[in-house]
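Report on one structure; see the data block that follows.
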Amino acid sequence: MMVSFVIPAYNEKDYIKSSVGSIYSCCKGVFPFEIVVVNNGSTDNTLKILKETQYDSLRVEDLKQRVTISSARNIGWKKTSGEIIAFIDADVLITKEWAQRLSSRLSEIRNNPMQLTGCRYKLSKNPSWVELCWFDYFEEETTYINGGNIITTKRALSLLRGFDENLETGEDVDLCRRARKKGLSVNIDNKLFTHHEGNPQNLKSFFLREQWHGIGDVTSLSRFIRSKVAVFSVVNTLMLTLSFSYILINIKIFAALFTVTLTAHFIAIFKRFKKVKLKHLPSILFLHILYCGARTLSVFKAKI
């Protein structure tokens, strides 16, 4: 039961060697595997590093022009030899526990190919304060699996026609949604955990990351309406902006609007995050406001 790893890589010189290395160190001798890296038009040393990496069963598909990450993933899985496909991002490190867990489930996945499994990313090995105050508090129950840690089969991908290549981001949410609609199971397995080394380390990278992630929710009116995050972000950012416009005109109106907006943020935080520590609450509130602002600005970045 060969496992085919598919890794899309765009300007990943800082991570690609470690990502590929984690697969070899954790999976060698556990189950047979191959790795297909799709160099997605990188302009840094990603391709050079890959050429210098001497591993068996490593193949590189070199794209001269950059495409969407969905297209890169689709190109990758169509070039694989195995039936079981593991999508891993270039800034993700798998663990020995991940390899052992997948090994124990290979027969089950082969016998039940119409499924997606995997789990949300864990923190990087040396997390920043942004990770500790944001990503570490995400609720455990989720409705989708991160695109850089999805395990499925060619039969399932063929039925779904792969990832939606028109999406620049949000393709993992879309794939899981379409899978459920087609009757496939989406089995979130928290034992298939990985480290996400590409998590933002500062406020600037956090803002830019969320602005980019928000694009997938605003590429059409129907997607926007379906996304609770997008609607909440735009409404509350507008409310916050409106409240500050009254700060010098009518302090009572400012106080009322500001209180309503902050209350909405607090409700969202306690619904979305788990076991928030009081000492982290001010930082989480600040990041949540910044998050909503970034998601709102996605409207202007999207190709509608």
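If you read the sequence shown in the numbering used here, its first letter stands for residue 1, the second for the next number, and so on. All C-beta atoms in this analysis are idealised placements derived from N, C-alpha and C, irrespective of residue type, glycine included.
With a threshold of 7 Å on Cβ separation, who are the neighbours of Thr46 within its own chain once the five nearest residues in sequence on each side are excluded? As a working note, residue 46 is residue 46 in the sequence shown. Ala9, Asn11, Glu12, Lys13, Ile16, Asn39, listed in sequence order.
What would DSSP say about Asn149, mapped onto helix, strand or coil? Stepping through the sequence shown from its first residue, residue 149 is reached at position 149. The answer is strand: DSSP assigns Asn149 an E or B state.
Closest residue to Pro200 among Leu102, Leu93, Thr153, Leu132 (Cα-Cα distance): Within the sequence shown, the letter at position 200 stands for residue 200. Closest by alpha carbon: Leu132.
Grab the span of the beta strand (DSSP E) containing Val59 for me, first residue to last. The count along the sequence shown starts at 1 and reaches residue 59 at position 59. Here residue 59 turns out to be Arg, not Val, going by the sequence shown. Arg59: member of the beta strand (DSSP E) spanning 58-63, first to last residue.
Decide if Gln211 is buried, meaning its Cβ has at least 16 other Cβ atoms within 10 Å, or exposed. On the sequence shown, position 211 is the one that residue 211 refers to. When all chains shown are included, Gln211 counts as buried.
Residue span of the beta strand (DSSP E) that contains Thr117, given as start and end: Here residue 117 refers to the residue found at position 117 of the sequence shown. Here the beta strand (DSSP E) through Thr117 covers 115-118.
Outcome for Ala255 when other beta-carbon atoms lying within 10 angstroms are tallied against a minimum of 16: One-based indexing of the sequence shown puts residue 255 at position 255. Exposed: under 16 other Cβ atoms inside 10 Å.
Can you list, in chain order, the residues of its chain whose CB lies under 6 Å from that of Leu175, leaving out five sequence neighbours each side? To locate residue 175, count along the sequence shown from 1; it is residue 175. The residues are Phe163.
What number of angstroms, rounded off, separates the C-alpha of Glu122 from the C-alpha of Trp98? Within the sequence shown, numbered from 1, the residue matching residue 122 stands at position 122. Within the sequence shown, numbered from 1, the residue matching residue 98 stands at position 98. For the record, residue 122 in the displayed sequence is Lys; it is not Glu. If I take the Cα positions, the gap works out to 12 Å.
Mind the definition here: the stretch 295-303 touches the stretch 226-234 only if three or more C-beta pairs lie below 8 Å; say whether that holds. With a cut-off of 8 Å, the stretch 226-234 and the stretch 295-303 count as touching, because enough Cβ pairs lie within range.
Can Thr117 and Leu192 be called in contact, C-beta distance under 8 Å? Start at 1 with the first residue of the sequence shown, and residue 117 comes out as number 117. Start at 1 with the first residue of the sequence shown, and residue 192 comes out as number 192. Closer than 8 Å, so yes.
Confirm, please, whether the CB-CB distance from Glu171 to Ile69 is below 8 Å. Indexing the sequence shown from 1 puts residue 69 at position 69. Indexing the sequence shown from 1 puts residue 171 at position 171. Taking 8 Å as the Cβ cut-off, Ile69 and Glu171 qualify as a contacting pair.
Report the CB separation of Glu52 from Phe5 in whole angstroms; it is logged as a contact under 8 Å. Translated into positions along the sequence shown, residue 52 becomes position 52. Translated into positions along the sequence shown, residue 5 becomes position 5. Contact flag wrong, Cβ pair sits at about 19 Å.
With DSSP as the reference, please indicate the residues paired to Leu93 in a beta bridge. Indexing the sequence shown from 1 puts residue 93 at position 93. Looking at the DSSP assignment, Leu93 forms a beta bridge with His195.
Identified DSSP bridge partners for Ser185: The residue labelled residue 185 in the question sits at position 185 within the sequence shown. DSSP lists Gln115 as partners of Ser185.
Measuring only between beta-carbons, confirm whether Lys271 sits less than 8 Å from chain B. Absent here is chain B; the protein component of the structure consists of one chain.
Leaving out the 5 sequence neighbours to the left and right, which residues in its chain are closer than 7 Å to His265 when beta-carbon positions are compared? Working through the sequence shown from its first residue, we reach residue 265 at position 265. Contacts found: Asn236, Leu285, His288, Ile289.
In whole angstroms, what is the alpha-carbon distance linking Val60 and Ile84? Locating residue 60 in the sequence shown gives position 60, counting from the first residue. Locating residue 84 in the sequence shown gives position 84, counting from the first residue. If you take the alpha carbons of Val60 and Ile84, they lie about 19 Å apart.
Taking the alpha carbon of Val173 as the reference point, which residue from Asp89, Ala268, Asn112, Ser227 has its own alpha carbon closest? Here residue 173 refers to the residue found at position 173 when the sequence shown is read from its first residue. Closest option to Val173, Cα to Cα, is Ser227.
Between Arg155 and Pro113, is the Cβ-Cβ spacing less than 8 Å? Your numbering for residue 155 matches position 155 in the sequence shown. Your numbering for residue 113 matches position 113 in the sequence shown. Yes; because the gap between Cβ atoms is below 8 Å, this pair is in contact.
If you reduce the DSSP assignment to three classes, tell me which class Pro282 lands in. By one-based count along the sequence shown, residue 282 stands at place 282. It is helical.
So, using beta-carbon positions, are Leu102 and Val37 closer together than 8 Å? On the sequence shown, position 102 is the one that residue 102 refers to. On the sequence shown, position 37 is the one that residue 37 refers to. In this structure, Val37 does not lie closer than 8 Å to Leu102 by Cβ.
So, using beta-carbon positions, are Gly148 and Phe87 closer together than 8 Å? By 1-based counting over the sequence shown, the position of residue 148 is 148. By 1-based counting over the sequence shown, the position of residue 87 is 87. A contact, by the Cβ cut-off of 8 Å.
For Leu157, which residues in the same chain have their Cβ closer than 7 Å to its Cβ, ignoring the five residues on either side in sequence? Reading the sequence shown from its first residue, position 157 is the one you call residue 157. Correct list, in chain order: Trp77, Ile85.
Beta-carbon gap between Gly216 and Glu168 smaller than 8 Å: Here residue 216 is taken as the residue at index 216 of the sequence shown, counted from 1. Here residue 168 is taken as the residue at index 168 of the sequence shown, counted from 1. In contact: Gly216 and Glu168 (Cβ atoms closer than 8 Å).
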